[in-house]
Amino acid sequence: MVVVSVNQLSGSTDGTRRQLVTAGDPLRIAVFGSSHSWGATLEDRFMAYPYRLSPRVDNFAYFASGPNYPAVCTQSIIGNHAIYDLIILEYYVSGAQHGLAELARRLRSRFPEAIIIVMKFNGPFDALRAPSIDSEEWQDLMSWKKTLDLPNGQLNEFVNEIENDTGVWRFREHPNTDRAINRVVREIGGYQFHLPQAATATKTLVSYLRFFDKDRHQLLSARGHEWVADMCSQIVTKHILAHQKATRQVKRASVASWGKGDSCNIWWTTGGMPYPFSENLVLNQYDETRGKFALEITATGWLDIENPFHDDRTLYLSFLASDTPGTYPNGVISHAGGSFVLDTDAGGHDKHGVGIVRTIPVGLLVAGKTTRINVKPQSAGTTLPFRLAGATFTNGDVTPVEFNFGPHFNR
């Protein structure tokens, strides 16, 4: 395992580092992660760190997302023809211990020669302050900032307040996530880096603030993206020099299989419905602002779902749920493998009150066959119809999380 932190990159120019990486064909890059990797807060998201490394980027990052969905649906997301020289995984503050290992294993198995970097984006959002060393009243950075009544965007004034502050600063620790990332990097023969800490927590915080957005201090700034691109460039260069070959030319090597494979069809975000369904069911874009789609079910109907694999597979169905009683009726589905109730109670997970995707297993479907799934609402009189959002077959090694499974909406 190799750990690289940003202070190792000082002393050489951006142009020198970038030239070593981009000599020859551009890197073919796949990125899985959250808002940082997507380029949130940037005026031009294509100035995010992956695009600073190469014009050939497949960016699979989603806002506020974790690794479970890509771990379950890796093949469905990437497809069967892509090939990558560099793969970046960025899930440090997004539940890295819930699916990161499975995602990394699937990617390493498929792309045995690719360079895989796992990022640890700790930052100012983890800073905590107490008024004195004896106090147990800790505030996060933004709560303390509000007490200063500073206008947004005034970074220098905020830094001055921190440097002159008489309180005590420390950073949250994430031991479970750290251990999960360390294990993953060792297992797949990858690389990791993190933002280093200075001699004191105050100096660390001041250093971090220069590389994150000026208002909420949660996401990388343009300067931060350039910094991260330089780190990735350094790792790739060291890897190539250490192996005495341009490993980015992966096309000269074979690509392994996807193993048992997966098949994920989540039409909630795309409207792409691959399965035939009865005429009394309606595929509706019920939210034009965010582009949300669902198969709406107001009466008894059916859809035909094929298991494309050579073995029997569990079918997982995704549907909309809510914490507000009377919003959606429960759904009832039946097929040769049994009958199941799709309970639309979100169990406290619908924090924003707009509905959340719930995903549950609904029995085995026979290998290589198309199964008719009968579906109906369990009751009438609800505010909205029963809404079906997706269907998934996994490889059996990782299962979908029950709530919020699937691609998220980037805004």
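Following numbering that gives the first Met the number 0, the numbering of the sequence shown begins with 0 at its first residue and continues without gaps. Ideal Cβ positions, reconstructed from N, Cα and C, are used throughout, including at glycine.
Inspect the beta-carbon positions of residue i and residue j and report whether they are closer than 8 Å.
| i | j | result |
| --- | --- | --- |
| Ala255 | Pro111 | yes |
| Ala63 | Gly32 | no |
| Pro49 | Leu102 | no |
| Asp214 | Phe170 | no |
| Ala388 | Trp226 | no |
| Val418 | Val183 | Outside the shown range of the chain (0 to 410) lies residue 418, about which nothing can therefore be said. |
| Pro324 | Gln377 | no |
| Arg27 | Arg55 | yes |
| Ile87 | Ser36 | yes |
| Lys259 | Asn394 | yes |
| Leu208 | Val158 | yes |
| Ala39 | Asp57 | no |
| Pro123 | His216 | yes |
| His309 | Ala366 | yes |
| Tyr83 | Asn121 | no |
Just tell me which of the options has its CA closest to the CA of residue i.
| i | options | result |
| --- | --- | --- |
| Phe318 | Arg55, Pro360, Gly337, Phe192 | Pro360 |
| Cys263 | Ser142, Ile239, Thr398, Asn283 | Thr398 |
| Val205 | Val340, Ile234, Glu225, Asn163 | Asn163 |
| Val71 | Leu341, Pro328, Leu314, Val353 | Leu314 |
| Ile265 | Gly152, Phe392, Gly38 | Phe392 |
| Ala100 | Thr176, Asn121, Ala39 | Thr176 |
| Asp311 | Phe210, Leu364, Val30, Ala47 | Leu364 |
| Gly352 | Val331, Thr326, Ala366, Glu305 | Thr326 |
| Asp133 | Val167, Ala113, Leu106, Lys237 | Val167 |
| Lys291 | Thr269, Glu305, Ala200 | Thr269 |
| Trp301 | Phe308, Asn279, Asn283 | Asn279 |
| Met46 | Asn181, Thr381, Ala228 | Ala228 |
| Leu41 | Ala179, Leu240, Ala221 | Ala221 |
| Thr381 | Gly330, Ala113, Gln138 | Gly330 |
| Ile180 | Glu89, Asn306, Leu85, Ala293 | Glu89 |
| Asp396 | Arg105, Arg44, Ser34 | Arg105 |
Within its chain, find whatever has a CB closer than 6 Å to the CB of residue i; leave out the 5 residues flanking it on each side and keep chain order.
| i | result |
| --- | --- |
| Asp349 | Ser321, Asp322, Ile355 |
| Gln248 | Summary for Gln248: the model assigns pLDDT 47, below 50, so the residue's position carries little reliability; its value from the coordinates is reported in the next sentence. Result list for Gln248: empty, nothing under 6 Å. |
| Gln74 | Trp257, Gly260, Asp261 |
| Gly336 | Gly362, Leu363 |
| Pro130 | Gly166 |
Taking the continuous beta strand (DSSP E) assigned at residue i, which residues delimit it?
| i | result |
| --- | --- |
| Thr176 | No beta strand (DSSP E) contains Thr176, which is instead part of the alpha helix (DSSP H) from 174 to 187. |
| Ser338 | 337 to 341 |
| Phe170 | 167 to 170 |
| Leu364 | 355 to 364 |
| Leu319 | 312 to 320 |
| Leu294 | 291 to 296 |
| Glu89 | 85 to 89 |
| Gln74 | First-last for Gln74: 73 to 77, but that is the alpha helix (DSSP H), not the beta strand (DSSP E). |
What first and last residue would you give for the alpha helix (DSSP H) that runs through residue i?
| i | result |
| --- | --- |
| His35 | 34 to 37 |
| Trp226 | 221 to 242 |
| Leu26 | No alpha helix (DSSP H) contains Leu26, which DSSP labels as neither H nor E. |
| Pro273 | Where Pro273 is concerned, there is no enclosing alpha helix (DSSP H), given that its DSSP letter is neither H nor E. |
| Ser131 | Neither: Ser131 is in no alpha helix (DSSP H) and is coded neither H nor E. |
| Trp137 | Where Trp137 is concerned, there is no enclosing alpha helix (DSSP H), given that its DSSP letter is neither H nor E. |
| Ala200 | 200 to 208 |
Can you list, in chain order, the residues of its chain with a C-beta nearer than 8 Å to that of residue i? Leave out the 5 residues immediately preceding and following it.
| i | result |
| --- | --- |
| Pro303 | Note that residue 303 is Asp in the sequence shown here, rather than Pro. Closer than 8 Å at the Cβ level, and outside the excluded window around Asp303, lie Tyr274, Pro275, Phe276, Thr369, Thr370, Arg371, Ile372. |
| His97 | Gly65, Pro66, Asn67, Val400 |
| Pro384 | Glu295, Ile296, Thr297, Tyr327, Pro328, Pro376 |
| Gly152 | Lys213, Asp214 |
Who are the near neighbours of residue i in its chain, counting only those whose CB is closer than 7 Å to its CB and skipping five residues on each side?
| i | result |
| --- | --- |
| Phe404 | Asn67, Tyr68, Ser317, Val356, Thr358 |
| Asp344 | Ala320 |
| Gly223 | Phe210, Phe211 |
| Lys200 | Checking the sequence, you will find Ala at residue 200 rather than Lys. So the qualifying residues of the chain are Trp168, Arg169, Phe170. |
| Ser333 | Asn373 |
query = For the stretch 137 to 145 against the stretch 185 to 192, are there 3 or more C-beta pairs whose distance is under 8 Å?
reply = no
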